[in-house]
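Quick notes on the structure that follows.
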Amino acid sequence: MDRMRELVDLLNKYAYEYYVLDAPTVSDAEYDALYDELKALEAELFFVLPDSPTKRVGAAPLKEFKPYKHRERLYSLDKAQSPEELKAFFARVEKAVGCFPDFTVEHKFDGLTLSLTYSDGRLIRGATRGDGVTGEDVTEQIKTIRTVPLTIDFKGTVEVQGEGIMRFSAFNEYNRTAAVPLKNPRNAAAGAIRNLDPSETARRKLDFFAYNIGYHEGIRFDSQRAMREFIVSNGFLYGRRFDAVSSEEDAEKVIGAIGEERDSLDYLIDGAVIKVDSVALREELGYTEKFPRWALAYKYKATETTTILKNVLWQVSRTSKINPLAELESVELGGATIRRATLNNYDDILKKGVKIGSRVLIRRSNDVIPEIMGVYQSHDDDKEILPPQVCPACGYPVVREGAFYYCTNKTGCAPQIVAMLDHFADKQCMDIDGFSEKTAEQLYNELGVRSPDMLYDLTETDLQKLDGFKDKKITNLLNSLARSKHTTLDRFIFALGIPNVGKKSAKQLADHFKTLDALRHGTREEISMLDDFGLITADSVAGYFEDAGNAALVDALLSKGIIISEPEEAGEGPFSGKTVVLTGSLKRFKRSEAQKIIVSLGGNVAESVSSRVNLVVAGSEAGSKLQKAEKLGIEIIDEEKFSEIVDNFV
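The numbering used here puts the first residue of the sequence shown at 186, with every later residue one more than the last.
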């Protein structure tokens, strides 16, 4: 056993020097001899240490991936593709915090985002990002990656986030002997991680580049630089580019340098990631529904090519908008076969001058969505693209509003209704399990379901008429429909599909108006005063409830027994009647914990400082919110005083 421990430590040291430091200290033959000795010992003793390198060859194939809920949400990053967008980001941050803070700049790896959970020094879970809230448990696949430490020195609990990458060298080596060659390293990495057979993951020889710390216990990080130090000291592979900058000019220089070195790297990057270094300032800046306000991905110019525009199709969306979709002569671009691309709207078509038969310049916008950029070559017989005169789905007349065309048939246009039903049942809306777009199509075509309220009239006999609906599926759908009748106001608002209202906007409306009745009677002026709302969104909300058809739908849904839970009432305590803002970094409490305490003791929590705020709790490194509170003469207390108030009352 002592020799086994010695061999494992030695082999892991040599692997770290080889794969992470790129500075091997022994030959392959010496490594192989020690590896073979270890395997023989394990076979003799019927025992394998948890961090043995022999565990990386791949376990038995899995039957399926299990979902894994992340302890903290993994956000995606907002993107910029021009110097102007980058400047706008810096300006927003500077305005919010009152100064130009320190930023860090790193490679933006182009692979598959992964999150590794360590507890008591051991890797206990590996998961894909998924939707940011729930990913897939791919622990066995991740264990095969040579640059993933199976054990680390830190003995608390920590989630280390990074990117699964297939290097160009590994990609080329694999393809030399592969029966079916891989198309590109990015897809190869994603396919390897999501392969149910871990031994196939091992064959592709992936790497894991760590770049961020998520959930953590037993340690505190006050900056991105501190996270980087943790990553390095615990034996993870990391990007060689990591620059701290304190001016816009320095940031632009680093981003330019990364762009120039991009083609010389042995792995794919598609940009640079810029982050506010201070964690306290990050908490102050906060998040949108999708992105942190303190970080940005600067994307380099996407790969471009040309092809022939064969036709333009007009498609109807849930909101009755009719969107142009370009049909292209198929072409390879960035490892994918492109046959269709977006044209945004008819004004975009006219502006770009594209015609049927033209050779057009296309790019994968953000390296993902194909987009037509303009005409590369025109011909005498190219045909004009005409705007729709009638809805392509139902034949009703269309109306133009701004840059877009809309179908005027609000109650009988199949694609609109199908999309509306699918949205209503979505997990983030009414959360009706077992429902899909295909289900919506079946209900529309075969059972005549034309609006969401009709879903609650469905019976077992109705569903038995549908292809693919057996007893279990029918029972599950009916039970899920029944459960969905108990919902929250924000989910109900989002489910209605009000134009310009997303999940975050629905939550803001619910928090402000508290009840559906109050919202239905809300004025445009009141709605427009909400944070991030404007006159357009306010008009969408008020206009929705003023429309007789929409009002009838809401009443019909309520008549089916939908119950919207009342918001929790604030408790009584020292913050009763006060609106409180938290700013800076708190030592004793997590931000979310402090917010719950304030509400439980009678207060309301606001995100920004205004004349309506009564109290500001200022932690360390508080920034512009504290300065604004001082200017407005708002009462300010520190964390020590806040703790004293809480402890005395509790």
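Ideal Cβ placement from N, Cα and C applies to all residues, glycine included.
Subject >> Touch test, the region 321-337 against the region 375-384, Cβ-Cβ under 8 Å, three pairs minimum >> reply: Judged by pairs of C-beta atoms under 8 Å, the region 321-337 touches the region 375-384, as three or more such pairs exist.
Subject >> Alpha carbon of P637 to alpha carbon of M605, nearest angstrom >> reply: Working through the sequence shown from its first residue, we reach residue 637 at position 452. Working through the sequence shown from its first residue, we reach residue 605 at position 420. So the two alpha carbons sit approximately 8 Å from each other.
**OP:** Assign N496 to buried or exposed, taking buried as 16 or more other Cβ atoms, counted over all protein chains shown, within 10 Å of its Cβ.
**Re:** Locating residue 496 in the sequence shown gives position 311, counting from the first residue. Exposed, by the Cβ-count rule.
Original post:
DSSP three-state call for V686: helix, strand or coil?
Top reply: Here residue 686 refers to the residue found at position 501 when the sequence shown is read from its first residue. In the three-state reduction of the DSSP assignment, V686 falls in the coil class, being assigned neither a helical nor a strand state.
**OP:** Below 8 Å on the Cβ atoms is my guess for R676 versus C579; work out the distance and round it to an integer in Å.
**Re:** What you label residue 676 is simply residue 491 of the sequence shown in a count that begins at 1. What you label residue 579 is simply residue 394 of the sequence shown in a count that begins at 1. No, R676 and C579 are not in contact; Cβ-Cβ is about 30 Å, not under 8 Å.
Subject >> Rounded straight-line distance, which links the Cα of S690 to that of D716 >> reply: Indexing the sequence shown from 1 puts residue 716 at position 531. Indexing the sequence shown from 1 puts residue 690 at position 505. About 9 Å.
**OP:** Could you say if the region 661-679 and the region 628-637 meet the contact criterion of at least three C-beta pairs nearer than 8 Å?
**Re:** No, because fewer than three Cβ pairs between the region 661-679 and the region 628-637 fall closer than 8 Å, the two stretches do not touch.
Original post:
Can you tell me the Cα-Cα spacing of L466 and G769, whole angstroms?
Top reply: Working through the sequence shown from its first residue, we reach residue 466 at position 281. Working through the sequence shown from its first residue, we reach residue 769 at position 584. Going by the C-alpha atoms only, they are around 7 Å apart.
Original post:
Hey, how far is the Cα of R478 from the Cα of T298?
Top reply: On the sequence shown, residue 478 is found 293 positions in, with the first residue counted as 1. On the sequence shown, residue 298 is found 113 positions in, with the first residue counted as 1. In this model, R478 and T298 are separated by some 20 Å (Cα to Cα).
**OP:** Work out the CA separation of S431 and L234 for me, nearest whole Å.
**Re:** In the sequence shown, residue 234 corresponds to position 49, counting from 1. In the sequence shown, residue 431 corresponds to position 246, counting from 1. Those two C-alpha atoms are separated by around 46 Å.
Original post:
So, are the CB atoms of I819 and V801 less than 8 Å apart?
Top reply: Position 634 of the sequence shown, counted from the first residue, corresponds to residue 819. Position 616 of the sequence shown, counted from the first residue, corresponds to residue 801. The answer is yes: Cβ separation under 8 Å.
Subject >> L481, enclosing beta strand (DSSP E) - first and last residue >> reply: Walking along the sequence shown from the start, residue 481 turns up at place 296. Looking at the DSSP string, the run of the beta strand (DSSP E) that includes L481 is 480-484.
Original post:
Around the C-beta of A355, are 16 or more other C-beta atoms found within 10 angstroms, so that it is buried, or is it exposed?
Top reply: To locate residue 355, count along the sequence shown from 1; it is residue 170. Looking at its Cβ environment, which holds 16 or more other Cβ atoms inside 10 Å, A355 is buried.
Original post:
The alpha helix (DSSP H) with D675 in it runs from where to where?
Top reply: As a working mapping, residue 675 is identified with position 490 in the sequence shown. Segment 674-680, the alpha helix (DSSP H) holding D675.
**OP:** Tell me whether E569 sits in a helix, a strand or coil according to DSSP, three-state version.
**Re:** Indexing the sequence shown from 1 puts residue 569 at position 384. Three-state result, E569: coil.
**OP:** Please list, in chain order, all residues of the same chain as S505 whose beta carbon is under 6 Å from its beta carbon, the five residues on each side excluded.
**Re:** Numbered from its first residue, the sequence shown carries residue 505 at position 320. Excluding residues within five positions, the ones whose Cβ falls inside 6 Å are Y591, C592, Q601.
Subject >> Straight-line gap, K264 to L481 (C-alpha atoms, nearest Å) >> reply: For this step, residue 264 is matched to residue 79 along the sequence shown. For this step, residue 481 is matched to residue 296 along the sequence shown. Those two C-alpha atoms are separated by around 6 Å.
Original post:
Near N735, what residues of its chain come up, given a Cβ to Cβ distance below 6 Å and the 5 sequence neighbours on each side ignored?
Top reply: By one-based count along the sequence shown, residue 735 stands at place 550. Within the same chain, N735 has close Cβ partners Y729.
Original post:
Going along the chain, which residues of its own chain have a beta-carbon closer than 6 Å to the beta-carbon of Q311, five neighbours each way excluded?
Top reply: Residue mapping note: residue 311 aligns to position 126 of the sequence shown, counting from 1. According to the sequence provided, residue 311 is Gly. The question's Gln does not apply to it. By the criterion of a C-beta distance shorter than 6 Å, G311 is surrounded in its chain by L301, V323, T324, I327, once the five residues flanking it on both sides are discounted.
**OP:** Rank K650, P509, L494, A411 by C-alpha distance to the C-alpha of F589 and give the top, closest one.
**Re:** To locate residue 589, count along the sequence shown from 1; it is residue 404. Closest option to F589, judged by alpha-carbon separation, among K650, P509, L494, A411: P509.
Original post:
When the cut-off is 8 Å and only beta carbons count, does I330 lie next to chain D?
Top reply: No chain D is part of this structure, which consists of one protein chain only.
Subject >> CB contact flag (R544, T491, <8 Å) >> reply: Taking the sequence shown and counting its residues from 1, one reaches residue 544 at position 359. Taking the sequence shown and counting its residues from 1, one reaches residue 491 at position 306. With contacts defined by Cβ atoms closer than 8 Å, R544 and T491 form a contacting pair.
Original post:
So, are the CB atoms of R410 and A395 less than 8 Å apart?
Top reply: By 1-based counting over the sequence shown, the position of residue 410 is 225. By 1-based counting over the sequence shown, the position of residue 395 is 210. Cβ atoms of R410 and A395: not closer than 8 Å.
Original post:
Span of the beta strand (DSSP E) holding N789?
Top reply: Position 604 of the sequence shown, counted from the first residue, corresponds to residue 789. In the DSSP annotation of this structure, the continuous segment of the beta strand (DSSP E) that includes N789 starts and ends at 789-791.
**OP:** Check each candidate in L648, D618, R413 and name the one with the smallest Cα separation from N630.
**Re:** Taking the sequence shown and counting its residues from 1, the one referred to as residue 630 is at position 445. Out of L648, D618, R413, L648 has the C-alpha closest to the C-alpha of N630.
Original post:
What do you reckon, are the CB atoms on L701 and I749 nearer than 8 Å?
Top reply: As a working note, residue 701 is residue 516 in the sequence shown. As a working note, residue 749 is residue 564 in the sequence shown. In this structure, I749 lies closer than 8 Å to L701 by Cβ.
**OP:** May I have the straight-line CA-CA distance separating A695 from L704, to the nearest angstrom?
**Re:** As a first step, residue 695 must be located in the sequence shown, where it is residue number 510. As a first step, residue 704 must be located in the sequence shown, where it is residue number 519. Those two C-alpha atoms are separated by around 8 Å.
**OP:** Decide yes or no for the touch test of the region 284-298 against the region 210-229: beta carbon pairs closer than 8 Å, at least 3 of them.
**Re:** Not touching, per the Cβ criterion.
Subject >> Length at least 4, wholly inside the region 495-556: the alpha helix (DSSP H) runs in chain order >> reply: Counting whole runs of 4 or more residues, the region 495-556 contains the alpha helix (DSSP H) stretches 531-537.
Original post:
Is it buried or exposed for H255, if we count other Cβ within 10 angstroms and need 16 for buried?
Top reply: Indexing the sequence shown from 1 puts residue 255 at position 70. Here H255 is buried, its C-beta having at least 16 other C-beta atoms within 10 Å.
Original post:
Which residue comes first and which comes last in the beta strand (DSSP E) that contains H292?
Top reply: In the sequence shown, counting from the first residue as 1, residue 292 sits at position 107. Looking at the DSSP string, the run of the beta strand (DSSP E) that includes H292 is 288-294.
**OP:** To the nearest angstrom, report how far apart E626 and F285 are at their CA atoms.
**Re:** Here residue 626 corresponds to residue number 441 of the sequence shown, with the count starting at 1. Here residue 285 corresponds to residue number 100 of the sequence shown, with the count starting at 1. Their backbone Cα atoms lie some 52 Å apart in a straight line.
**OP:** Can you check the region 250-286 for any beta strand (DSSP E) of at least 3 residues that lies completely inside it and give the ranges in chain order?
**Re:** Within the region 250-286, the complete beta strand (DSSP E) segments of 3 residues or longer fall at 252-254, listed in chain order.
Original post:
Is A526 closer than 8 Å to I557 when the C-beta atoms are compared?
Top reply: For the purposes of this step, residue 557 is identified with residue 372 of the sequence shown, where counting begins at 1. For the purposes of this step, residue 526 is identified with residue 341 of the sequence shown, where counting begins at 1. Yes. Within cutoff.
**OP:** Determine the closest residue to E229 out of M186, L628, I617, with distance taken between C-alpha atoms.
**Re:** By 1-based counting over the sequence shown, the position of residue 229 is 44. Closest by C-alpha distance to E229, out of M186, L628, I617, is M186.
Subject >> Inter-residue spacing [alpha-carbon to alpha-carbon] between I440 and G538 >> reply: The residue labelled residue 440 in the question sits at position 255 within the sequence shown. The residue labelled residue 538 in the question sits at position 353 within the sequence shown. Going by the C-alpha atoms only, they are around 33 Å apart.
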